[in-house]
Amino acid sequence: MIRKILFLACLLTSSPVNAHGPIFSPGPETLYKDGIETDVEYYSSKKGGEIENELALGLGYGITQDWTVSAELLYAAIKEDGTTNDGISNIALETKYRFWKRDALGKQDSISGFAKAILDTAKDISNPALSSGANDLVLGLAYGQESLIWQRWASARYRFNGESNVGIERGNQIFADAAIGWRAKVPDYYNNDILWMVELNSEYTKSSKQNSSKLTNTGGTEIFVSPGMIWTYRNIALKGGVQLPIYYNLNGTQSESDYRAKVALDLNF
Amino acid sequence: MKKLMLITVLTMASNNAYASEKEYTMQVHGAVCASCAYGLEKKFKKIEGVEKFDIDLKSGQVFVCAKDSVNFTEDQLTKLFIESGYSYKGMEVKENCSDKLDDNK
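First to last, the sequence lines map onto chains W and E. Start counting the first sequence at 3; every next residue gets the next number (our numbering). Start counting the second sequence at 1428; every next residue gets the next number (our numbering).
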C-alpha cells in the first residue's frame, strides 16, 4: 500500500496542453486566445511488480495568448503483486502563464510559469489504490527555444505531496528536465511534420514519513533518457515516447522503474 | 461588331471577377511549426470574406486571399497576430490571388 501511494506520485506531472512541446516534461507553449485543445493520452509504466496503465482526457482553453487553463481526468488500471484495481482516478487542474517571449524570423524563445493542482477526487482506499489519498500541488518553470529545425527545452518543477489518507507524509519531489528536438526539413503548413526528440528527465523524491519517522524504503533519485516523436498535421498532433532509466539511487530496497511510455493525440480547435 | 462587343463584355466581366479578390502577404515573426500556426488560420478564416490561407514558415510570410470587401488595418492585424501568439511585421496587398493559394487551402 505504501509503495503504491508513493508510486502514484510520479503520475500527472506532465501537461495536457503540450501539443508541440516535450512529451514527458512541460514546455512553455500556451494556446492562442480562445483556442481549445483536447487531448487523449495513454500512459503505461512498470516498476518492479507494479504495472500501471492509464487513459487521460485533457481539455485546455486559451484565456489569452499567454494564459492557458486546463483540466485532466484519468482512468487508471493498476496491478501490484498480482492484485488489480481500475477506475476513475484523480482530476488535475492547471494554469500556465507565458511571461516572456521573444519572436524572430523562424524562431521563438519563451518562458512560462505554471501551477498544477492534483485533487484527490478518486478517494480510493482499496489496495492497490487508484489515488494517493491527498491533494498535491506542482509549481514550475519551463523555457523553450523553438526554431524551424532545432528545438530546445528545459524545465524545473517542485511537487508538494500532501499527506495520504493513511497518515503518510509523502516526500516532496523535484523534477529537472532538458529536451532537444529536430526535424529533417522546414515544415510545410499543408503537409505532415515529424519532429524527433530526446529528453533527459531527473526526479528526486524526499523520504516519506509516518508518525514523524522516515520510511526506509522511500525517496531517492531516478534519471531517464526519453526518446520520442511528434507527428503533426495542422491542428492534429500524435506524439509518443518511452522513458528508459539510466541512473537510480533509491533509498532502502525499492524497485527501480523499468520503463514508462506515453502516446497522446491532441486536437486543436 | 457584335462579336467584338461580346468579347469586350466578357473580358470586363472576367477582370471584375479577378479584381474582386485581394491577396495580402504579411510578415510574421515567431511562427516555427505548422501546428502552432493553426491559430492564425482559424482567426483569419473567422473573418467574413477571407477565403484562403497559407503560411511559408521559412520566409515568415502569411498569405491570405480575401474578397475585395475585406480591408485589413495595421491595428487589426497587429491584434490578430498577437492573439495568435506571434509578432506582426507588416503587409503588402495586391489585386488578385496567386496560384499558390489554390482552392483546397
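Glycine residues also receive a C-beta, built at the ideal position from the N, C-alpha and C atoms.
Classify residue i: buried if its beta carbon has 16 or more other beta carbons within 10 angstroms, exposed otherwise.
i: tryptophan 155 (chain W); result: buried
i: alanine 266 (chain W); result: buried
i: isoleucine 38 (chain W); result: exposed
i: alanine 186 (chain W); result: exposed
i: valine 1520 (chain E); result: exposed
i: alanine 106 (chain W); result: exposed
i: phenylalanine 1480 (chain E); result: buried
i: aspartate 179 (chain W); result: buried
i: tyrosine 34 (chain W); result: buried
Taking 8 Å as the threshold (C-beta atoms), are residue j and residue i in contact?
i: serine 114 (chain W); j: threonine 32 (chain W); result: yes
i: glutamate 201 (chain W); j: serine 166 (chain W); result: no
i: glycine 222 (chain W); j: threonine 207 (chain W); result: yes
i: arginine 100 (chain W); j: serine 91 (chain W); result: no
i: tyrosine 261 (chain W); j: leucine 240 (chain W); result: no
i: glycine 60 (chain W); j: threonine 70 (chain W); result: no
i: leucine 121 (chain W); j: alanine 78 (chain W); result: no
i: lysine 49 (chain W); j: serine 259 (chain W); result: yes
i: glycine 1487 (chain E); j: glutamine 110 (chain W); result: no
i: glycine 183 (chain W); j: glutamine 153 (chain W); result: yes
List the endpoints of the continuous beta strand (DSSP E) containing residue i.
i: lysine 81 (chain W); result: 69 to 82
i: asparagine 112 (chain W); result: Correcting the residue type first, residue 112 (chain W) is serine in the shown sequence and not asparagine. Start and end: 109 to 121.
i: serine 47 (chain W); result: 38 to 49
i: glutamine 147 (chain W); result: 138 to 149
i: alanine 186 (chain W); result: Premise fails: alanine 186 (chain W) is in no beta strand (DSSP E) and is neither H nor E.
i: threonine 255 (chain W); result: Taken as a continuous stretch (DSSP letters only), threonine 255 (chain W) belongs to no beta strand (DSSP E), as it is neither H nor E.
i: phenylalanine 226 (chain W); result: 222 to 235
i: arginine 275 (chain W); result: The first residue shown for chain W is 3 and the last is 271, placing residue 275 (chain W) beyond what the model contains.
i: lysine 1449 (chain E); result: 1448 to 1456
Please report whether the beta-carbon of residue i lies at a distance below 8 Å from any beta-carbon of chain E.
i: aspartate 41 (chain W); result: no
i: tyrosine 63 (chain W); result: no
i: glutamate 148 (chain W); result: yes
i: valine 140 (chain W); result: no
i: proline 189 (chain W); result: yes
i: asparagine 270 (chain W); result: yes
i: lysine 35 (chain W); result: yes
i: lysine 98 (chain W); result: no
Of all Cβ atoms in chain W, is any one closer than 8 Å to the Cβ of residue i?
i: glycine 1517 (chain E); result: no
i: cysteine 1492 (chain E); result: no
i: cysteine 1524 (chain E); result: no
i: glycine 1457 (chain E); result: yes
i: isoleucine 1474 (chain E); result: no
i: lysine 1485 (chain E); result: yes
i: aspartate 1481 (chain E); result: yes
i: tyrosine 1465 (chain E); result: yes
i: tyrosine 1513 (chain E); result: yes
i: glutamate 1501 (chain E); result: no
Residue range of the alpha helix (DSSP H) that residue i falls in?
i: serine 210 (chain W); result: Neither: serine 210 (chain W) is in no alpha helix (DSSP H) and is coded neither H nor E.
i: leucine 1507 (chain E); result: 1501 to 1511
i: phenylalanine 1471 (chain E); result: 1465 to 1472
The segment 122 to 129 of chain W in contact with the segment 45 to 54 of chain W per 3-pair CB rule at 8 Å: no
Positions along the segment 225 to 236 of chain W whose CB lies within less than 7 Å of some CB in chain B: Absence of chain B from the displayed structure is noted, the protein chains being W and E.
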